[in-house]
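Numbering (this note's numbering), first residue to last: 1114 to 1165.
Glycine included, C-beta positions come from ideal geometry on N, C-alpha and C.
Computed from a prediction, not measured in an experiment: that's the story for all the values here.
For reference, the structure discussed in these notes is given below.
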């Protein structure tokens, strides 16, 4: 299975495209971390263990 890892030293975010159902929960919950219009669209520098 394809897995993309995005890390910032505190947390590692995993994105598994085949499991993503595009419900938008990630974007609505953490818009500073997930921005589908940006490239890369996952910005781990804005994530903390507290907000993920």
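Endpoints, the beta strand (DSSP E) within which residue i is located
| i | result |
| --- | --- |
| residue 1125 | 1125-1128 |
Residue range of the unbroken alpha helix (DSSP H) whose run includes residue i
| i | result |
| --- | --- |
| residue 1140 | 1138-1142 |
9 Å Cβ cutoff met for residue i and residue j
| i | j | result |
| --- | --- | --- |
| residue 1125 | residue 1115 | no |
| residue 1121 | residue 1143 | no |
| residue 1082 | residue 1147 | Because the chain here runs from 1114 to 1165, residue 1082 falls outside it and cannot be looked at. |
Beta-ladder partner(s) of residue i, from DSSP
| i | result |
| --- | --- |
| residue 1155 | 1147 |
| residue 1118 | 1127 |
Residue burial classification, residue i (beta-carbon count within 10 angstroms, cutoff 16)
| i | result |
| --- | --- |
| residue 1160 | buried |
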